[in-house]
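K.L.:
Residue numbers (the UniProt record's numbering), protein chains in the order written: chain G, 1 to 247; chain W, 1 to 247; chain H, 1 to 247.
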């Protein structure tokens, strides 16, 4: 069984973080939280979303798994505005999700979870550097890199205690440097990796500009990017595989 | 002869109600009102617009009929902003419409009225139910229905004193229920009909969100939707033929 | 050598005036001003931009010439917002332009100036009429003309002391008349010429609505349109060749 009431914006922000990577996903309706893990078809970008029971006005679940088309679910939830409450209820018999809000009742057919790409394991990585910055700063660096290239280099300069978002195009370059004053926090370490901008741009779409974003970075290693949602009662973690740097 | 002065927004709102259905129309320049009746090429949706002489700053006409290209006329009127006054004058000799506003004089070639599809007769129908609601509510129901289907069912539940805007898609359903508290007025009666969403969406584009909209509904019968324009000195009536409900 | 600091909006507005006509241009880095002259590929529209050293926070140059891709340069400058300062520095060795702003360093490859279309000579013309008007008025006239035709007639009526922006389409006409009250100033003279709307629309995109725009007009002669930028410390002049009026 699953029955929950949640503000439309909380649910929408959470779903957005997943729908930038995949069209369909499994949603785990655990007793104490709703969670989604998904990986894009090319196995390059992963997302791990958890939304605590406390993020909901009310939440009852017993560990089921449902499969959903995210665009459809977001359309339905999008009929509610801002803080309007949305009620979700699983009809076990018909395998449909009932979505109710002020006057409007919708029924969304679910997808067989077995038909959805398997959930990825998001590994624990021991990454040397950790950067904490505003979503708006990450956004600026990604936009700058996107002007000259289709990949971006994230790098920590341990000596200068600075984080660099860099891109080298065929003719033009950009280097966005954030030092201790620009960052919320920095644990400097040897860290320098190259990533596809397409994925990072997709992830960036979902990251609120005002969010406090933590970037964990290594040397030619995947990057982990995480931030809180639902006023701290939920969490989004992205992991993105590196591209090999040519010399 | 025809010569009139009217605020740009009044004229634009009135023309919008027609241009969502047809590209060209006849305009009847009656002594006491300007009126347009038109039907779409498939004979499914009709509109009847009347704009009283009182809706104009000044109005002189003697019963002529002109044919216009609505997009062009709206472009010309659109050069004026908001409450700016627009002067319309028919040049009988050249069969052109002179359109004047602050500094700008335009001449719009008219279309031979005989070349325009005949004006429909909009029948008096004795429809069992009458629903009065805000344009914004109708808009919400239509948007919800559009997520799952290309047709929509309008239905009055006489027992519950409620109006339903419903749609059944191949896999998903929506039901937008408006009860006595949500409606401005309801005359309940047996009423349940299915309509093409394409037409209803077009009509909805022209209906102001703040308008008080009256919906007259029957059992597998056309629906009539009407609302006031020009602060009550004009009226728009849409009529839309039903689709046959399959069982 | 070239090194300058300037507010992003000042630089962007100046570059916009050129990029509406051409994709690439030469920039002359004179000791006392930065200047650009360019002509479109069809030799119909020309622009002459000058930006005094005083328009910059700081400015050092010794007469060099660089070639730039305007879209790229505008992208880079566009990363700064509003009054944020942008630093430009020419790297003589690599022939690249370094662009720096709060945290962000970009390097833009320059184009060989010899590969760019030659700068036009913008002739002194003795034009009979001079009209000074708000950018917003010019914009309105151009928008109106664009509804009915692809060329526009600019005309001064010396008797009525009025400036006309007119267009005759196949079926419809517009005439936007600005008299002494609507204009900032008018030196009436025999002036009546026809121009391509495509070019005038492009130029109009760059002209601020609030700018005081001077139009110099003759009889089947090119028109000159100029306005100040950088709070009077710069100037843009457009020249547009006439189309021959058919009778």
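The beta carbon of each residue, even a glycine, is placed where N, CA and C say it ideally should be. Treat the numbers as computed from the prediction; the structure is a model and nothing was measured.
Taking only runs of the alpha helix (DSSP H) that begin and end inside the stretch 137 to 216 of chain G, which ones reach a length of at least 4 residues, in chain order?
P.N.:
DSSP runs (the alpha helix (DSSP H)) wholly in the stretch 137 to 216 of chain G: 197 to 206.
K.L.:
Taking C-alpha atoms, which residue in 80(H), 134(H) and 168(H) lies nearest to residue 106(H)?
P.N.:
Looking at the Cα atoms, 80(H) is the closest of the given residues.
K.L.:
Out of 84(W), 13(W), 149(W) and 48(W), state which residue places its alpha-carbon closest to the alpha-carbon of residue 166(W).
P.N.:
Of the listed residues, the one whose Cα sits closest to residue 166(W) is 149(W).
K.L.:
Should residue 190(G) be labelled buried (16 or more other beta-carbon atoms within 10 Å of its own) or exposed?
P.N.:
Counting Cβ neighbours within 10 Å, residue 190(G) comes out exposed, since fewer than 16 surround it.
K.L.:
Under DSSP, the alpha helix (DSSP H) around residue 71(W) begins and ends at which residues?
P.N.:
It spans 70 to 78 - the alpha helix (DSSP H) in which residue 71(W) sits, taken as one unbroken run.
K.L.:
Taking Cβ positions only, does residue 147(W) come closer than 8 Å to chain H?
P.N.:
Closer than 8 Å: no.
K.L.:
Considering only C-alpha positions, which residue in the set 145(H), 55(H) and 169(H) is nearest to residue 199(H)?
P.N.:
When each option's Cα is compared against that of residue 199(H), the closest is 145(H).
K.L.:
Please state whether DSSP places residue 11(G) in a helix, a strand or coil.
P.N.:
Note: residue 11(G) maps to helix in three-state DSSP.
K.L.:
Looking only at its chain, what residues have a beta carbon closer than 7 Å to the beta carbon of residue 48(H), apart from the 5 residues adjacent to it on each side?
P.N.:
Taken in chain order, the residues that qualify are 37, 122 and 237.
K.L.:
How far does the beta strand (DSSP E) with residue 234(G) in it extend, from its first residue to its last?
P.N.:
Segment 234 to 240, the beta strand (DSSP E) holding residue 234(G).
K.L.:
Check whether the Cβ of residue 107(W) lies closer than 8 Å to any Cβ atom in chain H.
P.N.:
Closer than 8 Å to some Cβ of chain H, the Cβ of residue 107(W) qualifies, so yes.
K.L.:
Just the chain H side, please: which residues come within less than 7 Å of residue 171(G) by C-beta, in chain order?
P.N.:
Neighbours of residue 171(G) on chain H, chain order: 109.
K.L.:
Which of helix, strand or coil does DSSP assign to residue 135(W)?
P.N.:
DSSP places residue 135(W) in helix when its eight states are reduced to three.
K.L.:
Applying the 10 Å Cβ sphere with the 16-neighbour rule, what's the burial state of residue 94(G)?
P.N.:
Per the 10 Å Cβ criterion, exposed.
K.L.:
With 16 other CB atoms within 10 Å as the buried threshold, where does residue 99(H) fall?
P.N.:
By the 10 Å Cβ count, residue 99(H) comes out buried.
K.L.:
Examine chain H for any beta-carbon lying closer than 8 Å to the beta-carbon of residue 163(G), and answer yes or no.
P.N.:
No, because no Cβ of chain H sits closer than 8 Å to the Cβ of residue 163(G).
K.L.:
Is residue 248(G) helix, strand or coil by DSSP?
P.N.:
For chain G, the structure presents residues 1 to 247; residue 248(G) sits outside this window and is missing.
K.L.:
At a Cβ threshold of 8 Å, is residue 72(G) touching chain W?
P.N.:
At least one chain W Cβ lies under 8 Å of residue 72(G).
K.L.:
Who does residue 129(H) pair with in a DSSP beta bridge?
P.N.:
BP columns for residue 129(H) point to 217(H).
K.L.:
Anyone know if the C-beta pair for residue 60(H) and residue 3(H) falls short of 8 Å?
P.N.:
Yes, these two residues count as a Cβ contact at 8 Å.
K.L.:
Rank 157(W), 174(W), 52(W) and 115(W) by C-alpha distance to the C-alpha of residue 23(W) and give the top, closest one.
P.N.:
The shortest C-alpha separation from residue 23(W) is found at 115(W).
K.L.:
Using CA coordinates, which residue listed in 139(G), 51(G), 169(G) and 131(G) is at the minimum distance from residue 217(G)?
P.N.:
The residue with the shortest Cα to Cα distance from residue 217(G) is 131(G).
K.L.:
Output, in chain order, the set of chain G residues within a Cβ distance shorter than 7 Å of residue 76(H).
P.N.:
Ordered by position in chain G, the residues that pass the 7 Å Cβ test against residue 76(H) are 147.
K.L.:
Is residue 41(W) buried or exposed, if buried means 16 or more other CB atoms sit within 10 Å of its CB?
P.N.:
Looking at its Cβ environment, which holds fewer than 16 other Cβ atoms inside 10 Å, residue 41(W) is exposed.
K.L.:
Residues in its own chain within less than 8 Å of residue 74(H) by CB, not counting five upstream and five downstream?
P.N.:
Answer for residue 74(H): 12, 15, 16 and 19, listed in chain order.
K.L.:
Measuring straight from C-alpha to C-alpha, what distance separates residue 32(H) and residue 229(H)?
P.N.:
Distance between the alpha carbons of residue 32(H) and residue 229(H) is about 16 Å.
K.L.:
Quick check on the DSSP output: the beta strand (DSSP E) that includes residue 107(W) runs from which residue to which?
P.N.:
Taken as a continuous stretch (DSSP letters only), the beta strand (DSSP E) holding residue 107(W) covers 104 to 109.
K.L.:
Please tell me whether residue 15(W) has its Cβ less than 8 Å away from any Cβ of chain H.
P.N.:
So no, residue 15(W) is outside the interface.
K.L.:
Residues in the same chain with beta-carbon distance under 7 Å from residue 175(G), minus the five sequence neighbours each way, listed in chain order, please.
P.N.:
Within the same chain, residue 175(G) has close Cβ partners 164 and 166.
K.L.:
Out of curiosity, what's the CA-to-CA distance linking residue 207(G) and residue 63(G)?
P.N.:
Whole-angstrom Cα-Cα distance: 28 Å.
K.L.:
Can you tell me whether residue 231(H) is helix, strand or coil according to DSSP?
P.N.:
It is helical.
K.L.:
Does the CB of residue 221(W) have a neighbour CB from chain G at under 8 Å?
P.N.:
False, the Cβ-Cβ gap to chain G never drops below 8 Å.
K.L.:
If you follow the beta strand (DSSP E) that residue 52(H) is part of, which residue opens it and which one closes it?
P.N.:
Residues 45 to 52.
K.L.:
From this set, 67(G), 29(G) and 212(G), which residue's C-alpha is nearest residue 118(G)'s C-alpha?
P.N.:
Closest by alpha carbon: 67(G).
K.L.:
Does the beta carbon of residue 82(G) sit closer than 8 Å to a beta carbon anywhere in chain W?
P.N.:
It does not; no Cβ of chain W falls within 8 Å.
K.L.:
Strictly below 7 Å CB to CB, what residues from chain G border residue 209(W)?
P.N.:
By Cβ distance, chain G contributes nothing, its closest Cβ being about 13 Å from residue 209(W), past 7 Å.
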